[in-house]
Each structure stands twice: as C-alpha cells, then as structure tokens.
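Take a look at the structure set out below.
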Amino acid sequence: MGAGAAAEGFTPREVTRLGGIGLWMLRFEIPQPLDGPGAIAALETIEPGSTAGVNHAYRTAAVSSTDRLDYASALMNWPETACPAAGPIGMLDTGVDSALAQATGARILGESFARGAPAPSRHGTDVAALLVDPRRLTGATLYAADVIGTSARGQQEAGVDSLLKALDWLAAQDVRLVNISLAGPYNKLLDRGVDRAVAEGMTLVAAVGNDGAGAAPRYPAALPNVIAVTAVDADRRIYRRAVRGPHVDAAAPGVDIYVDEGGGHFVSGTSMAVPFVTARIAADPGLYTAPTAMIRRRLQDSAQDLGPPGRDTVYGAGLVVAGPGC
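Going by UniProt numbering, the sequence shown opens with residue 1, and the numbers climb by one from there.
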C-alpha cells in the first residue's frame, strides 16, 4: 500500500490505521513540480480506489480487504494453513520485545552480545514478528541474538566480535538456520567465522543491504556461503534502495510490509524480505536439514523468474515461492 506512490516520488511521511472506519491514512510529501490538484490527480491514478486530498495535509486510502495487508503470503503462494517449523531458528539483530512470544505463540529465547548501551530500535522485533508469524509458521522456537549496541559516538552498530559470539551461541543451541537482517563491509574474520558455521551445518540467510543500486556488495550476504536476499514490492518491483550484484540469490516481499505488533505499522527494506525466505526454509523439513548449497539450488529452481529471463543481478533467480503444502 503506497508503494506505487513512493515509486513516483511521493515521500511517505506517516501511515495511520483508522480501524473504526476501515480505512488507512497515508501522508506524503508532494514531489516537485506538482501542485496540490496535480498531486491529487496523480495519487488517485497511481493508487486505484484511493481518495486523495491536500486540505490539512492528509492523504487517505481505503483497504478493501486484509489480504492486501498481508500481500507477502499471497505473493509467495504460502499455504492457507500455517506450517509447523521444522526446527529452531536463530537471528542476529537488535533485541526482541519479550511480549512477542505471547502475541505469536512462539518460544523466544534471547541473549545479548551487543557492545555499549542497547540500541533503541524495533528492528529486531519487527524481523522476529515476520519470522514467527503464526499465519505462516507454528510451533517455532526462535533464538534471538542481540548484537547491536549504541557506540560512544551514538552509532547503532554490531562489532564483528559480537556477530561471531552470537554465531557460536547459536551453534551451541543446535540451530541450523539463521536470519541475518544486517549488512556491512567485508571482514576477513567474519568470512572465516561464517565458513566455520556453514561447515558445521548452519545455513545463513542475509539481506543484500539498502545502499542503492550503485553500491558495493554488502556482507555477510555477499559471502559465497550465505543466501543473499533482496526485496520486492506487491507488484514484484525491486526495492529502489536494494543493493545489486551477481551475489543476489533471490527476492522476497520487503516493501510496505505490515507488522501487527507494536500498534501496527509498515516497514520496508531488504531486512524485511529475509524473514520470508528464512520461514520458507523452516517450513520444509527436507529443506531445513539440507546443506546450504542444496537449499540455494532448490529455492532458485522453484523461484518465479523476474526481470530479464534467467538469473540477473537485480532479482537473482527471482521471487521465492512456497511449496504446494507443508
């Protein structure tokens, strides 16, 4: 919702759910050189079924059904019945809100490896909410490693030492599948640590990063032993800020993704695409226990091709889709 407008230069500033009247309200910054009437006409053309206006600086759009709120499952052909998780799942991110376990029915165990003060971010909770969403996975056990702290400079970041300690902790819990919605520069120590984890039977699924089409590859997604995930919107268009390159393995929904928790809000980014691929692997016992190379091959063989025919540097092999059943 709003992805078409954003693609045409309308900068989203606020999204509010008006549950009592069954509407959503979106506030945009109008792109130059449009004036008010021009912006109204453009929005109502871009977003069919919407009602747009400039007075009091609001934009409203009706949502015809809850299916659009969870377009990701439909886009991936996820079974109508949630699938049981084949085994425990790990994640490296910010901390996860303890209330999420009750909200989703998942078993969530957390451990902190962050340096400095805790990062004041919902990023980890949002990723976890998508990962163990009971509409897709049931009976999930999630080991959530908090690796991001606030440095003395006020930056929210994860040191390589934190990442490696977290991978070690997950290995000790016999976690075979790890979601990494983080991205950064190449590091030899991380490269070696990832090689060891994969050699021990762990599969890592990571975000390609949000630095833009012209950016250098981001890691750990660009490491050869990691499954690299990019993001698309409800119309299967690439996320405008997604990093591109030959290392991109596949795509998943990651634009205007609705998260129920925390009052309900939308999130976008390659970070938010990763949990859909991780959940796809966790939902298939044969996939969950397979080595990384086989998982990558099976995901790519079944992917819905996007962009130019065949694998490309934008979408990889294409959109990851679910199997016919659990």
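Yeah, the Cβ is synthetic: ideal placement off N, Cα and C, and Gly gets one too.
Since the model is a prediction, treat every value here as computed from it, not as a measurement.
Identity of the residue in the options nearest residue i by Cα
| i | options | result |
| --- | --- | --- |
| residue 271 | 104, 193, 280, 92 | 92 |
| residue 164 | 193, 243, 86 | 193 |
| residue 116 | 132, 150, 129, 97 | 150 |
| residue 269 | 247, 318, 183, 44 | 183 |
| residue 315 | 305, 210, 324, 323 | 305 |
| residue 299 | 250, 275, 261 | 250 |
| residue 13 | 246, 109, 75, 267 | 267 |
| residue 288 | 39, 9, 88 | 88 |
| residue 238 | 209, 154, 324 | 209 |
| residue 201 | 175, 187, 222 | 175 |
| residue 327 | 104, 86, 296, 112 | Any question about residue 327 goes unanswered here, given that the chain covers just 1 to 326. |
| residue 198 | 284, 223, 187 | 223 |
| residue 15 | 275, 301, 263, 319 | 263 |
Boundaries of the alpha helix (DSSP H) in which residue i is found, first to last residue
| i | result |
| --- | --- |
| residue 330 | There is no way to answer for residue 330, as the model of the chain reaches only from 1 to 326. |
| residue 74 | 71-75 |
| residue 130 | 123-131 |
Enclosing beta strand (DSSP E) for residue i [first to last residue]
| i | result |
| --- | --- |
| residue 107 | 107-112 |
| residue 194 | First-last for residue 194: 188-199, but that is the alpha helix (DSSP H), not the beta strand (DSSP E). |
| residue 287 | Not the beta strand (DSSP E): residue 287 falls in the alpha helix (DSSP H), residues 285-288. |
| residue 265 | 265-267 |
| residue 93 | 89-93 |
| residue 34 | It is not in any beta strand (DSSP E) - residue 34 carries neither H nor E in the DSSP assignment. |
| residue 178 | 177-180 |
| residue 205 | 203-207 |
Beta-bridge pairing of residue i - partner residues as DSSP gives them
| i | result |
| --- | --- |
| residue 304 | 319 |
| residue 253 | 232 |
| residue 28 | 12 |
| residue 156 | 150 |
| residue 104 | DSSP, once it has assigned bridges, lists no residue as partnering residue 104. |
| residue 145 | 92, 111 |
| residue 238 | 232 |
| residue 312 | 316 |
| residue 84 | 138 |
| residue 6 | In DSSP, residue 6 forms no bridge with anything. |
| residue 117 | 150 |
Separation of residue j from residue i, as counted between CA atoms
| i | j | result |
| --- | --- | --- |
| residue 30 | residue 5 | 10 Å |
| residue 139 | residue 145 | 19 Å |
| residue 171 | residue 102 | 26 Å |
| residue 293 | residue 326 | 22 Å |
| residue 64 | residue 241 | Residue confidence for residue 64 is low, a pLDDT of 24 falling below 50, so the modelled location carries little weight and cannot support an answer. |
| residue 147 | residue 159 | 8 Å |
| residue 107 | residue 141 | 5 Å |
| residue 152 | residue 119 | 12 Å |
| residue 166 | residue 206 | 15 Å |
| residue 43 | residue 26 | 11 Å |
| residue 81 | residue 133 | 12 Å |
| residue 310 | residue 214 | 21 Å |
| residue 38 | residue 261 | 36 Å |
| residue 291 | residue 195 | 13 Å |
| residue 286 | residue 143 | 21 Å |
| residue 11 | residue 173 | 43 Å |
Proximity below 8 Å, CB of residue i to CB of residue j
| i | j | result |
| --- | --- | --- |
| residue 229 | residue 277 | yes |
| residue 127 | residue 181 | yes |
| residue 137 | residue 178 | no |
| residue 135 | residue 191 | no |
| residue 273 | residue 253 | yes |
| residue 75 | residue 257 | no |
| residue 322 | residue 78 | yes |
| residue 219 | residue 185 | yes |
| residue 297 | residue 227 | no |
| residue 100 | residue 125 | yes |
| residue 86 | residue 312 | no |
Any non-hydrogen atom of the ligand SAM closer than 7 Å to residue i Cβ
| i | result |
| --- | --- |
| residue 198 | No copy of the ligand SAM occurs in the structure displayed, which carries no ligand at all. |
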